[in-house]
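In order, the protein sequences belong to chains P and H.
Quick note on numbering: the UniProt record's numbering labels position 173 of the first sequence as 173, and the sequence is numbered without any gaps.
Quick note on numbering: the UniProt record's numbering labels position 237 of the second sequence as 237, and the sequence is numbered without any gaps.
Just below is one structure, and these are the notes that go with it.
Number of protein chains: 2
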Amino acid sequence: MSIAEPLPRYAEIRRALEEKILSGEWPPGHRVPSEHDLVAQFGCSRMTVNKALSALAAAGLVVRRRRSGSFVAAPKSQETVLEVHDIKAEITGSGRTYRYVILDRERRRARPEDLARLGVARGVIEVEAITVLHFADECPFVHEKRLINLAVVPAAAREPFAVSPPGTWLLEQIPWTEAEHTIRAENAAADVAHHLAIARGAACLVVARRTFQAGTPITAVTLTYPGERHQLVARFSPATR
Amino acid sequence: MSIAEPLPRYAEIRRALEEKILSGEWPPGHRVPSEHDLVAQFGCSRMTVNKALSALAAAGLVVRRRRSGSFVAAPKSQETVLEVHDIKAEITGSGRTYRYVILDRERRRARPEDLARLGVARGVIEVEAITVLHFADECPFVHEKRLINLAVVPAAAREPFAVSPPGTWLLEQIPWTEAEHTIRAENAAADVAHHLAIARGAACLVVARRTFQAGTPITAVTLTYPGERHQLVARFSPATR
DNA sequence: CCAGATTTATTGTCTAGACAAAATTGCGCC
DNA sequence: GGCGCAATTTTGTCTAGACAATAAATCTGG
């Protein structure tokens with residue numbers, strides 16, 4: 001049994017409508033009663049039912065059109081929320097000891113492939129290219145190859161990254177407005193396999209992240225996780241949106 | 001230049017606050033003016049600033065506490081929204097021809113490993129176990145191993161899956177309330193490699209999805225994508241939440 | 001100085017209205 | 001019948017207030 005906590009009225013209304021939709025009683029395309037009707041049905045003000053309906057619309061369960069009404073949305077694609085943690089926080093958060101080493105570091109003019117990784121078509125920018133290996137309990141955890149746009153974060157060139165790895169440091173330095181992830185599987189190349197202490201050709205999970213601030217790229221990072229030791233978990237329920 | 005469309009007042013206020021936060025002018029922990037102050041500053045009613053602040057709280061940019069006030073949230077973890085499409089829709093949507101074959105099919109009492117895949121501790125349930133291979137433009141696209149809980153979807157045992165593959169058919173049959181994904185990389189096993197027409201041991205992206213309705217498992221599916229031909233893309237910007 | 005009671009600031013929710021915007025419906029006119 | 005205009009419905013936004021819940025701050029008696 002779940003405890004009967006006092007839900008606010010708008011949440012109650014939202015639940016009631018959600019139940020009709022998720023149970024299939026109201027199939028996709030079905031017309032949801034108008035705000036006016038719901039006001040009469042639930043005996044509350046229109047702002048309250050509006051709050052419930054707006055939340056359902058934001059969650060993608062209904063589509064609302066002026067003059068036409070609200071309709072149950074077609075379940076076209078499943079969305080799932082993936083949490084991408086800071087590596088240092090992820091490891092220390094699970095009670096393991098964290099350590100990292102900087103394998104390589106170079107300041108250079110962005111090469112064509114660097115520009116592609118950062119997600120810009122062309123241009124002349126200086127980048128800091130850093131390769132880091134992260135350890136959890138002294139076991140190689142993830143291999144990181146990062147580019148930092150020095151036009152946006154000039155301090156990165158002077159930072160020794162002695163206490164915090166580049167990712168953690170950057171997160172504290174500048175806020176980001178957009179992020180893009182691509183996730184793929186790759187057979188480990190010789191050098192990465194060596195650093196991660198896995199067999200050459202072993203499957204690795206590769207997460208590439210690009211971070212932008214108002215359209216300009218800040219950093220691009222490629223994280224290579226050993227396949228047999230790592231997985232990403234994502235959960236989604238429309239009710240919690 | 002972007003067109004200057006007339007934003008609603010609450011969106012304007014939200015933007016203004018967001019700008020302060022994302023630019024770093026208001027660092028994490030900084031106190032956001034109270035609703036009362038914002039009402040005076042923007043010359044509108046409290047409901048309007050409340051709507052803006054609530055949206056920022058929902059997006060995770062601020063944390064609100066009664067009597068204490070609203071504070072800029074610490075950017076602790078990046079969230080990203082992954083869209084998981086229906087395979088048939090994904091392929092036909094990009095203009096390729098879609099085809100599938102059922103490689104194997106069996107109705108059986110759930111084995112211990114089946115129960116684990118479905119996410120239940122124990123119990124006696126009948127499952128339909130189906131293996132499907134999907135093609136895009138006659139090229140093997142993804143290998144699917146699925147379990148369907150026949151206690152919830154008894155019709156699955158009688159369905160020939162002649163026109164729609166099990167995943168697409170299920171999506172039309174019953175609504176789901178929760179979904180859980182795990183994403184990992186694996187070296188292709190001999191049989192999967194054979195079906196996908198890739199080398200044995202080639203890196204594959206494995207997406208395992210469990211779908212529930214109000215806590216009871218509906219289906220568990222393991223999708224194996226050839227690593228060199230597939231990747232997942234996820235985008236996130238807090239402003240669009 | 002401390003424990004407990006009281007005040008107060010702040011957010012959370014709600015109401016009963018108002019006007020605007022959009023899109024459908026229906027009507028009148030040609 | 002067809003076209004254009006007006007009426008109507010429904011959602012989108014907003015207001016000015018109200019009371020409740022929470023937790024910090026302050027006051028008070030010992």
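Where a beta carbon is used, it is the ideal one built from N, C-alpha and C, also for glycine.
Note that the coordinates shown come from a computational prediction; the quantities given were computed from them, not determined experimentally.
>> Between the alpha carbons of HIS230 (chain P) and LEU223 (chain P), how many angstroms are there, rounded?
In response: The C-alpha of HIS230 (chain P) lies about 12 Å from the C-alpha of LEU223 (chain P).
With distance defined between alpha-carbon atoms, name the residue in P:THR216, P:ALA193 and P:TYR225 nearest to ALA208 (chain P).
Restricting attention to P:THR216, P:ALA193 and P:TYR225, the CA atom closest to the CA of ALA208 (chain P) is found in P:TYR225.
Spatially closest choice to PRO165 (chain P) from P:GLY60, P:THR80, P:ASP86 and P:VAL39, by CA coordinates:
Nearest C-alpha to PRO165 (chain P): P:ASP86.
Q) For the segment 194-206 of chain H, which residues have a CB atom closer than 7 Å to at least one CB atom of chain P, in sequence order? A) In summary, the residues of the segment 194-206 of chain H whose CB is separated from some CB of chain P by less than 7 Å are GLY201, ALA202, ALA203, CYS204 and LEU205, in the order they occur in the chain.
**Asked** Considering VAL192 (chain P), what are the terminal residues of the alpha helix (DSSP H) in which it resides?
**Response** Segment 190-196, the alpha helix (DSSP H) holding VAL192 (chain P).
With DSSP as the reference, identify every bridge partner of SER68 (chain H), one or two as the case may be.
In the DSSP output, where bridge partners are listed per residue, SER68 (chain H) has none listed.
**OP:** Decide if LEU17 (chain P) is buried, meaning its Cβ has at least 16 other Cβ atoms within 10 Å, or exposed.
**Re:** LEU17 (chain P) counts as buried, since at least 16 other C-beta atoms from the protein chains shown sit within 10 angstroms of its C-beta.
*Own chain, CB closer than 7 Å to PHE71 (chain H), minus 5 neighbours either side, in chain order*: Excluding residues within five positions, the ones whose Cβ falls inside 7 Å are GLY29, HIS30, ARG31, VAL32, VAL62 and VAL63.
**Report entry** Buried/exposed call for GLN213 (chain P), threshold 16 Cβ in 10 Å
**Finding:** Buried: at least 16 other Cβ atoms inside 10 Å.
- Environment of PRO8 (chain P) [buried if 16+ CB atoms lie within 10 Å]: Around the CB of PRO8 (chain P), fewer than 16 other CB atoms lie within 10 Å, so the residue is classed as exposed.
To the nearest angstrom, how far is it from the Cα of TYR10 (chain P) to the Cα of LEU53 (chain P)? Each residue's CA atom was taken as its position, placing TYR10 (chain P) and LEU53 (chain P) some 9 Å apart.
The segment 187-204 of chain P contacting the segment 136-143 of chain H, beta-carbon criterion three pairs below 8 Å | Counting Cβ pairs under 8 Å, fewer than three are found: no touch.
| task | Report the rounded CA-to-CA distance for ASP114 (chain P) versus SER68 (chain H), giving the unit in angstroms. | result | Those two C-alpha atoms are separated by around 46 Å.
Q) Taking the beta strand (DSSP E) that PRO166 (chain H) falls in, what are its first and last residues? A) First-last for PRO166 (chain H): 166-173, but that is the alpha helix (DSSP H), not the beta strand (DSSP E).
- Can you list, in chain order, the residues of its chain whose CB lies under 8 Å from that of ILE13 (chain H), leaving out five sequence neighbours each side? Setting aside the 5 residues that flank it on each side, ILE13 (chain H) is surrounded in the same chain by LEU38, PHE42, CYS44, THR48, VAL49 and ALA52, each with a C-beta closer than 8 Å to its C-beta; the list follows chain order.
### Query
Are the C-beta atoms of PRO160 (chain P) and some chain H residue less than 8 Å apart?
For PRO160 (chain P), the answer is no, since every Cβ of chain H falls outside 8 Å of its Cβ.
Residue interval of the beta strand (DSSP E) (run including ASP137 (chain H)): ASP137 (chain H) -> no beta strand (DSSP E), and no H or E assigned at all.
- Query: In this structure, does DSSP put ILE102 (chain P) in helix, strand or coil?
  - Reply: Three-state DSSP puts ILE102 (chain P) in a strand.
Run through the DSSP bridge pairs and tell me what TYR225 (chain P) is partnered with.
Note: TYR225 (chain P) sits in a beta bridge opposite P:LEU205.
TODO: Keeping to the same chain, check which residues put their C-beta closer than 8 Å to that of ILE218 (chain H); ignore five residues upstream and five downstream.
DONE: Answer for ILE218 (chain H): ILE148, ASN149, VAL152, VAL153, LEU170, ILE174, TRP176, THR211 and PHE212, listed in chain order.
Quiz item: Using the beta-carbon count (16 or more within 10 Å), is ARG15 (chain H) buried or exposed?
Solution: Classification for ARG15 (chain H): exposed.
**Asked** Can you tell me whether GLU128 (chain P) is buried or exposed, with buried defined as 16 or more other CB within 10 angstroms of its CB?
**Response** Flag for GLU128 (chain P) reads buried.
Output the residue ranges of the alpha helix (DSSP H) runs that lie fully inside the UniProt domain "HTH gntR-type" (7-75) of chain P and measure 4 residues or longer, sorted by chain position.
-> Whole alpha helix (DSSP H) segments, 4+ residues: 9-22, 35-42 and 46-58.
- First and last residue of the uninterrupted alpha helix (DSSP H) at LEU115 (chain P): Boundaries of the alpha helix (DSSP H) harbouring LEU115 (chain P): 112-118, taken from the DSSP string.
TODO: Please state if the CB of LEU133 (chain H) and the CB of LEU103 (chain H) are separated by a distance shorter than 8 Å.
DONE: Cβ atoms of LEU103 (chain H) and LEU133 (chain H): closer than 8 Å.
- Message: Measuring alpha carbon to alpha carbon, tell me which residue in P:ALA73, P:PHE135 and P:ARG108 is nearest ILE21 (chain P).
- Response: Ranking P:ALA73, P:PHE135 and P:ARG108 by Cα distance to ILE21 (chain P) puts P:ALA73 first.
**Request:** Would you verify that the beta carbon of residue 243 (chain H) is, or is not, closer than 8 Å to some beta carbon of chain P?
**Result:** Nothing in the structure corresponds to residue 243 (chain H), since chain H is present only between 1 and 241.
Could you give the first and the last residue of the continuous alpha helix (DSSP H) run that contains THR92 (chain P)?
Element bounds for THR92 (chain P): 87-93.
Using CA atoms only, rank isn't needed, just tell me which of H:GLU180, H:GLY167 and H:TRP26 is closest to LYS88 (chain H). Checking every option, the nearest Cα to that of LYS88 (chain H) belongs to H:GLY167.
Which same chain residues end up closer than 7 Å to ARG108 (chain P) when comparing Cβ atoms and leaving out the 5 residues on each side of it in sequence?
Residues of the same chain with a CB within less than 7 Å of the CB of ARG108 (chain P), apart from the 5 flanking positions on each side, are VAL127 and ALA129 in chain order.
Starting from SER237 (chain P), find everything on chain H with Cβ-Cβ shorter than 8 Å and list it in chain order. What SER237 (chain P) touches in chain H: THR177, GLU178 and ALA179.
Practice prompt. Can you give me, in chain order, the residues of the segment 123-140 of chain P that have a beta carbon less than 7 Å from any beta carbon in chain H?
Written response: Considering only beta carbons, no part of the segment 123-140 of chain P lies closer than 7 Å to chain H.
- Item | Cα-Cα separation between ALA157 (chain P) and GLU35 (chain P), rounded to whole angstroms | Straight-line Cα distance between these residues: approximately 57 Å.
Cβ closer than 8 Å: which chain H residues qualify as neighbours of VAL84 (chain P)? Near VAL84 (chain P) (Cβ distances below 8 Å), the residues of chain H are SER77, GLN78, GLU79 and THR80.
- prompt: Applying the criterion that 16 or more other CB atoms from any shown protein chain within 10 Å of the CB defines a buried residue, is THR131 (chain H) buried or exposed?
  reply: Label assigned to THR131 (chain H): buried.
### Query
At which residues does the alpha helix (DSSP H) containing ARG158 (chain P) begin and terminate?
Counting along the chain, the alpha helix (DSSP H) containing ARG158 (chain P) begins and ends at 155-158.
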